[in-house]
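**Q** Numbering (this note's numbering), first residue to last: -11 to 555.
1) Using the rule of at least 16 other Cβ atoms within 10 Å of the residue's Cβ for burial, across every protein chain shown, is residue 388 buried or exposed?
2) Express the C-alpha separation of residue 324 and residue 355 in angstroms, rounding to a whole number.
3) Can you tell me where the alpha helix (DSSP H) holding residue 362 begins and where it ends?
4) Using a threshold of 8 Å, state whether the C-beta atoms of residue 447 and residue 454 are closer than that.
5) Are residue 529 and residue 549 closer than 8 Å when you measure CB to CB?
6) Residue 132 lies in the alpha helix (DSSP H); which residues open and close that run?
7) To which residues of the same chain is residue 45 closer than 6 Å at the C-beta, ignoring the five residues directly before and after it?
8) For the beta strand (DSSP E) containing residue 165, name the first residue and the last one.
9) Apart from the five residues on each side of it in sequence, which residues of its chain come closer than 7 Å, Cβ to Cβ, to residue 542?
10) Compare the beta carbon distance of residue 527 and residue 519 with 8 Å and say whether it is the shorter of the two.
11) Given a cut-off of 8 Å, decide if residue 277 and residue 322 are closer than it, judged by their beta-carbon atoms.
12) So, is residue 415 buried or exposed, given that buried needs 16 or more other C-beta atoms within 10 angstroms?
13) Quick one: any contact between the region 115 to 133 and the region 210 to 218, if contact means 3 or more CB pairs under 8 Å?
14) Figure out for me which residue from 177, 292, 189 has the closest Cα to the Cα of residue 229.
15) Using the DSSP secondary-structure output, state which residues sit across from residue 137 in a beta bridge.
16) Does DSSP put residue -11 in a helix, a strand or coil?
17) For residue 330, which residues in the same chain have their Cβ closer than 8 Å to its Cβ, ignoring the five residues on either side in sequence?
18) Cα separation between residue 200 and residue 139?
19) Among residues of its own chain, excluding the 5 on either side of residue 245, which ones have a beta-carbon nearer than 6 Å to its beta-carbon?
20) How many angstroms separate the CA atom of residue 410 from the CA atom of residue 326?
21) Go ahead and pull the three-state DSSP assignment for residue 302.
22) Using a Cβ distance threshold of 8 Å, determine whether the region 55 to 67 contacts the region 35 to 42, with at least three qualifying pairs required.
23) What do you get for residue 2, buried or exposed, if any count of 16 or more other CB atoms within 10 angstroms of its CB means buried?
24) CB residue 466 to CB residue 482, shorter than 8 Å?
25) Starting from residue 47, trace the alpha helix (DSSP H) in both directions and tell me its first and last residue.
26) Do the region 363 to 380 and the region 295 to 308 make contact, defined as three or more Cβ pairs closer than 8 Å?
27) Residue 471 by DSSP, collapsed to three states: which one?
28) Are the region 46 to 55 and the region 93 to 108 in contact at 8 Å, needing three or more beta carbon pairs?
29) In terms of DSSP beta bridges, what is residue 393 paired with?
30) Thinking C-alpha only, which one of 208, 373, 524 is nearest residue 441?
31) Give me whichever residues DSSP pairs with residue 552 in a beta bridge.
32) For residue 226, count neighbouring C-beta atoms within 10 Å of its own C-beta (all shown protein chains included) and say buried if the count is 16 or more, exposed if not.
33) Runs of 4 residues minimum, wholly inside the region 497 to 534: which ones carry the alpha helix (DSSP H) assignment?
34) What's the call for residue 320, buried or exposed, on a 16-neighbour Cβ count within 10 Å?
35) So which of 484, 464, 359, 468 has the shortest CA-CA distance to residue 544?
36) Classify residue 218 as helix, strand or coil using the three-state DSSP reduction.
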C-alpha cells in the first residue's frame, strides 16, 4: 500500500480546523468521512491521485463526485488505456465531457479520436459498455458511429419474409457497411451488446445513423457540445478572447471589479482541486490563498482558467500546458493585487474575495499591454537594428501577444523568459524601457546625425565589419571620438592611425578620464533628462574595451566601442 498523509487542515463548512499531519493506513483512510477522502484525493495529481482512488472502498462514488475536468486531466496524464477502470466508473456526464474536450477539431468531430473512445468503451465489461453507450448524449453517439459506418438497408427493404426474419434475429434487420474490416469488428461488437441488452435503443440508434444528414447532425451536436462546455467554463473562442480585453490602468478603480452577483456553485458538484494541487501561486496571491480556496473561488478560478485555455488554443488535457497556463493566470492576478493593494494582505484578500476574478485578470494583463505597446514602438523605431542582445531579448519578449519577463533584467547571465510574477519585476522592465526610450529620443531628436539604414550600411574595410557587432553605444562613442579629435559629432569610422591620439585624449590610468566622464554625462543630462545614464553606460564600454589597452600595442581588431577604418 502507498503511504498516505493525513492533511494538517480539515474543512468543516466555512471553517478550517487544524490537526497534526501524520501517515495513515488504508483502513484509517476509509474510516474518514467521504468529504475528507474526496478532499485528499483532489489535493493530489497524477499517479498519487490514482493510487489513492484505488485504496478507496467506495472508489466509484469518489470518481463520480470528481469534477469532469479533473478526472479528464488524470486520465490524460496517466493514459486512458492504463486506467480503464476510471472510464468504467465515470458517469455519462463525465464521459460526455471527455469526448467534448478530446474529439473535436474546430466544429468537426475527429473520426480517429471518436473511434479511440469507442475502443476504450469496448475494453470494459458488457454491463459497463451498456451503461456508457446508453449514457452518451444520443446525437453525439450517433455521429461517432456515423463517421465509420453506413446503413444501406433496413428490415422493410427485404422482400423475402423468411430472410427478413432471420436478419432481424441476427442484428435487427439492418445491412451495414463499415469503412474497414478492423473498424467493423469493433463497432459490430458494440452494436451487438446494444442489440442483445437493449434492442429498442439499438434500433433507435441504427435508424438515426441511417436517416440523419451528416452536416445537419454534426452542426447540432457541435451546438450542444458548446453548451455543455460552457457550463464547465469553456466558452466559444471569440468570447474567450475577451479575457485579454484592455482595461485602462490609469482610470481603473477596484469598484469596477466588485461582484454584484455571486458566482453560482452547484451544491452537488465537488469544487475542482487541481487548481492548487500542483501549481501554487506566489508572492502576495500566495498569502491571500494560504488558507485554501472556497468552493466558489475554486470554480471561478477554474472557469477563468478554461477561458484562458480556449483563448490560447491550449489542449485542456495537456497537463504541462495546463500547468503553464495556470502559472500565468496566477502571475497575472498577482500583478493586479500588488498594483491595487501594495503588500497589504488583508486588503488583497478582501479584494480577491469581493471582485470578479476575470476583471482583476484583465487589469493585470493590461499592465502588461502597456509594456507591450512601448516595446513594439521601440522595435519599429530607427534604433531597432542596433539594440544589443539583452535589450532586444527584453523587447521581443515584451512585444509578444502574451508579454513575458526576460530574466536577464533580474539577474546577470540569465537568458530565459517566463510570466511576470510580481510588480517588482514589472517595474524592472519599465526601468529598462524608460532607458531605451531615452536612447530613442537622443538618436532621433537630440543628436545631429541620423542612424544609417541597416540594409545599406557599408562596413567594408572597417572593424567591426558586421552589423550585428555594432550597437547604439558604438555609434555614440564613435561620434564622441570624432568630436574629441576635432571633427564633428558624427559616427563616421575613425582611421586606425588616430587611435593612439584618441586613447591619450580619453584615458587616464586605464579608465576614462573622470573629467571627461563628468562633462559628457552632464551634457547629455542637460540635453535630455536621463541621457546622462546612457552616457555613463557607454563610457563604461571604453573603460573595459579601450582605455585599459596598452597604448603602445593598440590593435584595432581588439578595440571596442568604436567603428575603426582599417585602410
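Positions of the beta carbon are idealized from the N, C-alpha and C atoms, including for glycine.
**A** In this structure, then:
1) exposed
2) 8 Å
3) 345 to 367
4) yes
5) yes
6) 126 to 134
7) 18
8) 163 to 166
9) 487, 488, 491
10) no
11) no
12) exposed
13) yes
14) 292
15) 166
16) The pLDDT assigned to residue -11 is 47, lower than 50, so where the model puts this residue is not dependable, and the model offers no usable value.
17) none
18) 11 Å
19) 343, 344, 347, 348
20) 7 Å
21) coil
22) yes
23) In this predicted model, residue 2 has a pLDDT of only 37, less than 50, meaning its place in the structure is not dependable; the value taken from the coordinates is given anyway. Exposed: under 16 other Cβ atoms inside 10 Å.
24) yes
25) 47 to 53
26) no
27) helix
28) no
29) 406
30) 373
31) 451, 482
32) exposed
33) 502 to 515, 519 to 530
34) buried
35) 484
36) helix
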